[in-house]
Structures are given as C-alpha cells and as structure tokens.
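Protein chains: 2
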Amino acid sequence: MKTDAVLAIVSGFAGSGKGSVMKGLMKKYPEEYFLSVSKTTRDPRPGEENGREYYFVSDKEFEESIEKDMLLEYAGYVGHYYGTPREPVEEALSKGKNVLLEIEIQGALKVKEKFPDAVLLFLSPPSAEELKNRLIGRGTEDAETVKKRLKRASEEAVGIDQYDYLVINDDLEDCIEEVHSILNAERRKTIRQTALVQELIKETGRFSEGE
Amino acid sequence: MKTDAVLAIVSGFAGSGKGSVMKGLMKKYPEEYFLSVSKTTRDPRPGEENGREYYFVSDKEFEESIEKDMLLEYAGYVGHYYGTPREPVEEALSKGKNVLLEIEIQGALKVKEKFPDAVLLFLSPPSAEELKNRLIGRGTEDAETVKKRLKRASEEAVGIDQYDYLVINDDLEDCIEEVHSILNAERRKTIRQTALVQELIKETGRFSEGE
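Chains A and B, in that order, give the protein sequences.
Here the first sequence stands for residues 0 to 210, numbered as in numbering that gives the first Met the number 0.
Here the second sequence stands for residues 0 to 210, numbered as in numbering that gives the first Met the number 0.
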C-alpha cells in the first residue's frame, strides 16, 4: 500500500458493542473510514438489510467466492459461513481510507498474515460480569444461543493477547473516540510513512555533502 | 512493570523542537508524565539550570555513575558524555507515570534492549529544508557547530525507520497533543494490560464451566 491508511480489524465479545462503534466511526468520520461488509450464509435478523449489515448469500455463492479467491478470509461460526470480500478493502486502502473489518480471531489472524501492518483491536465491556449481563440482557436470543455465546466468550478471551489493542467499551462515544485516536496514532508509525522517511534521508544527505 | 505506563524515548533532529514538546507535555499533564533529566559533562548554556535541563557533572563523577551501573544508557556526542539515570525512571514507571527520555538513537536502542516495551518517537520539522533553516536560524551556534549538526542530521535520518513513530512538529501545540495521543493509544496495547486480560480469561472461563 502506498498510503498510510490503516487496515483495522475489530473483534470483541458478543455484547461488546463493536457494531455500534464501527457505525459511530462511519457516521462521525465518513471521509476517513470504509466499513467492510462481510458475506454470510446465515439468515438476516429482523431489521438487517442486504449490503448493509451483510451480503446475505447462498452456500453455493459463498463457495464460489472461495474458489475464485475473492475473500480475504472466511470462517464458519455456529453453522454458517462468514467471509470478507477482498476487492473493496484493497480499493479503500489505496484511496487512503482506514478500513474497518469486524471479524473474529481466526479471520483476524488470517488477514494479519496477508496484511502484516493490519492493526488488531479487541473490544470488551468493562468486566466479565457486565459482559455476561449484556449477553443475557439483549433478550433477542434463546437460552441455547446465549449458552453458546458464553462459551464462545471464554474461547475468545484466551486469544486477546494476540490482538494489538484492548479497548474497553464503557461509554459508546468515548469508545468511538478512543478507537479513532488509536488509528490516528497508528498513522504516525514509521512503517506507514516510508515515503516521508526516504525523503528526509535523501534531503539531509545533501546537507552532509556540503550543500 | 506492573502498570500500563509508557517509557517514551523522544529523539529528533536538532531544531525539531523536541525539548519544547517535552516541556509542553510536563506543563499540560504534570500528573501523567515524568521527564527524565540526563547527566552530562558538557558546560551549561546560558539560561540552563543544574537539575532542570541536565545534571552538569564532572568527567570523574560521570565515570563513577557508569561503574556503579547507575545509568540506563550513556553516549558521547561532540566530545561530551550524556547519560540517563536509571533509578528515577524506574520509580516513575512503577507509579504509573509515562516517562519521557530525550535521547539520541544509540541511547534509544540501548534503552529499548533493556525495556522492550519502550516506545520510540522521532520528531522532525515538516521538511528537510525547514530543518536546515531552523538549524541555521537559531543563531546561537558558530558555523562549525552548525556544520556538525547538519552532518549529524543526515546520520540521524538514516536511523528513523528504527523508531516506532515519526511525528511532524509543524505547530507546537498540535505536536504536543499528537505525542500525548500516541502515548494514550500505547496504553491500550494488550501488552500493557496483562492484568485485565488475565482477569477476562479467568472470569469468562467460569461461564463456560456452566456458572
């Protein structure tokens, strides 16, 4: 990539509010962010729209995307496929937009292999107890799904140290600003400013030759 | 270290304003920062005060500090010794304060060996031309010193990619806020929040055991 744009992978416990944080960034800084929309074979939930929350596709269509190498990563979760379309991500980065990917850890690590400069953020409620309350309190899922989520949370927690940043979502607005601030800081990394570094080396080199 | 405090090493071209940025951080956020004061064997410049800009010591005293392992790093520059006292740095970090070290690249890399989580920031004027103007324009040094500095700048530029962050100092206030923001972001790194990560693992582990 020629720009300093950041590929940001956001994971987090179910109930960590990661979806709201992503939407908040898109709303507050529409020029700076691109939100990747995943493909999935699961059914839409009430209120979800094709192309907004997900591209809802058939198993057959999903498997074609895999075969044609059109996905940055894909994984199965609770019996369904989820995957990240490659082209929109690469296009947004080339335009200098930070890309937001909301995926879980296996996907995050796969993308990190392909984009070593990707930044991995994990979102969490302020405590495990609060997490449990949020998972149960949402009330849109049956007991079996809640149980699966609690188990999933314990599996996810073990992977947190593979993330670069752990961000606590206590207040949504604060959390949006914190993620924004982290990504701004990332843009100052020398690895993202190689053109400027090269220019400084070249120009100061002329000084020492006595100009 | 048990805290999430950051050991921040700030380098930069002479004329990059790194001293003013450090002072600005100390003034605006006195509770959050500790500015390490180096020992040096060079003479004080007009307006400099012992214990504020530097501890001005004799060659003999400096060499004793080396022998007694009281310095985190030390180096020679333009015929004088410069070194970082170890104890105040460790004490400030243990109290949860970010520590600011203003040292050059050799020292920075030596400290990074001892504190792998140290964050290296390099400050630069917005362009090499502006750098040259600032070096010459300060007008407090003779031609020979200016020439040495220009040469030094070209040597320093080659090392920039060993720093974590490159921060442009165009406007002092903006630069202070940018460094502050970078260090706040650093505090969200998972490597600095191991206690919280362990707590989340432990607590969510209890969920999956059916509690």
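Beta carbons are placed, not taken as given, at the ideal position from N, Cα and C, and that holds for glycine.
Query, Result
"contact_flag[the stretch 40 to 51 of chain B, the stretch 110 to 120 of chain B] where n(CB pairs < 8 Å) is 3 or more", "no"
"Inter-residue spacing [alpha-carbon to alpha-carbon] between A:E172 and A:F121", "17 Å"
"Contact set for B:R191: own chain, Cβ-Cβ below 6 Å, skip 5 residues either direction", "D3"
"Secondary structure of A:G78, DSSP reduced to three states", "coil"
"B:S207 versus A:R151, A:V196, A:H179, A:K26, residue with shortest Cα-Cα distance", "A:R151"
"Nearest-angstrom Cα separation, counted from A:S180 out to A:R187", "11 Å"
"Close beta carbons around B:V145, own chain, < 7 Å, minus the five adjacent residues each side", "L134, I135"
"Runs of alpha helix (DSSP H) lying entirely within the stretch 142 to 177 of chain B, each at least 4 residues, in chain order", "142 to 157"
"For B:S35: DSSP bridge partner residues", "None, per the DSSP bridge assignment."
"Delimiting residues of the beta strand (DSSP E) encompassing B:N97", "97 to 101"
"A:V20 at chain B interface by Cβ criterion, 7 Å", "no"
"Minimum Cβ-Cβ distance from A:R51 to chain B less than 7 Å", "no"
"Which residues DSSP lists as bridging B:V9, in chain order", "B:E101, B:L120"
"B:K59 burial status per 10 Å Cβ neighbour count (16 or more: buried)", "exposed"
"Buried versus exposed, by CB contacts within 10 Å (16 or more), A:M0", "Only weak support exists for where A:M0 lies, its pLDDT of 41 falling under 50; the value from the coordinates is given anyway. A:M0 is exposed by the Cβ-count criterion."
"Min CB distance A:L199 to chain B below 7 Å", "yes"
"Selection of the stretch 143 to 165 of chain A by Cβ proximity to chain B, strictly under 7 Å", "L149, K150, A152, S153, A156, V157, I159, D160, Y162, D163, Y164, L165"
"CB contact below 7 Å: A:S117 versus chain B", "In the sequence as presented, Ser is not what sits at residue 117 of chain A; that position holds Ala. Judged by the 7 Å Cβ criterion, A:A117 is not in contact with chain B."
"Under 8 Å by beta carbon: chain A residues contacting B:Q192", "L165"
"Neighbour flag for A:V98 against chain B, beta carbons, 7 Å", "no"
"Pairwise C-alpha distance: A:T40 and A:S57", "6 Å"
"Inter-residue spacing [alpha-carbon to alpha-carbon] between A:S126 and B:L199", "7 Å"
"Which residues DSSP lists as bridging B:Y53, in chain order", "B:S37, B:N49"
"Contacting positions in the stretch 124 to 137 of chain B - beta carbon closer than 8 Å to chain A", "S126, A127, E128, L130, K131"
"Residues that DSSP places opposite B:E72 in a beta bridge", "B:T83"
"A:K111 burial status per 10 Å Cβ neighbour count (16 or more: buried)", "buried"
"Residue environment, B:D163, which counts as buried when at least 16 other CB atoms sit within 10 Å", "buried"
"Chain A within 7 Å of B:S15, Cβ atoms only", "no"
"Nearest neighbour of B:V5, chosen from B:G82, B:L70, B:F61, B:K94 [CA to CA]", "B:K94"
"Cα-Cα separation, B:L71 to B:V20", "22 Å"
"For B:L119 and B:L99, the rounded distance between their alpha carbons", "10 Å"
"Where B:E143 falls, given that 16 or more other Cβ within 10 Å makes a residue buried", "exposed"
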